[in-house]
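Asks: Before I ask anything, here is the structure I am working with.
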Amino acid sequence: MLNEIKDWILSNSTHQVEINRNEYTSSLVVDFEGENKIAKFTVWDDKSCMLEIILIDTEKYIINERAEFSDIAEIIKLFKKFNDLLR
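Laid out in structure tokens, this is it:
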């Protein structure tokens, strides 16, 4: 599933995607660093994800949300929410 999500993100955004694997879990990570925001979108193989965006100037979160999803459509919706908040 992580590879399918990675392919969708790479096809529909300019973000780079990294997949991390170890003996216990696998995750997909999108890191973003702009002039005024730092962000991370993380998806784990247990069908959970984390959306984090921080304003650099104030060090306050725009979003710091954990979510669970059941299918690819739900995670795409969460990624779109994350991406929209980066604008």
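This note's numbering puts the first residue of the sequence shown at 5, with every later residue one more than the last. The beta carbon of each residue, even a glycine, is placed where N, CA and C say it ideally should be.
DSSP on N40, reduced to helix/strand/coil?
Replies: N40 falls in the coil class under three-state DSSP.
Asks: Given a cut-off of 8 Å on the beta-carbon distance, is the pair K64 and E56 in contact?
Replies: Their beta carbons are not under 8 Å apart, which means K64 does not touch E56 by this criterion.
Asks: Looking at the strands, I want to know which residues DSSP matches up with A71.
Replies: The partner list for A71 (beta bridge, DSSP) reads C53.
Asks: At what residues does the beta strand (DSSP E) containing N26 begin and finish?
Replies: No beta strand (DSSP E) contains N26, which DSSP labels as neither H nor E.
Asks: Can you check which of these residues, K41, I42, W48, is closest to N24 by C-alpha distance?
Replies: Nearest of K41, I42, W48 to N24, Cα basis: W48.
Asks: Taking S30 as the reference, which of N40, I42, T18, D50 has the closest Cα?
Replies: Among N40, I42, T18, D50, the Cα nearest to that of S30 belongs to D50.
Asks: Considering only DSSP beta bridges, list what I58 is partnered with.
Replies: Answer is I42, Y65.
Asks: Mind checking I9: buried by the 16 CB within 10 Å criterion, or exposed?
Replies: Under this definition I9 is a buried residue.
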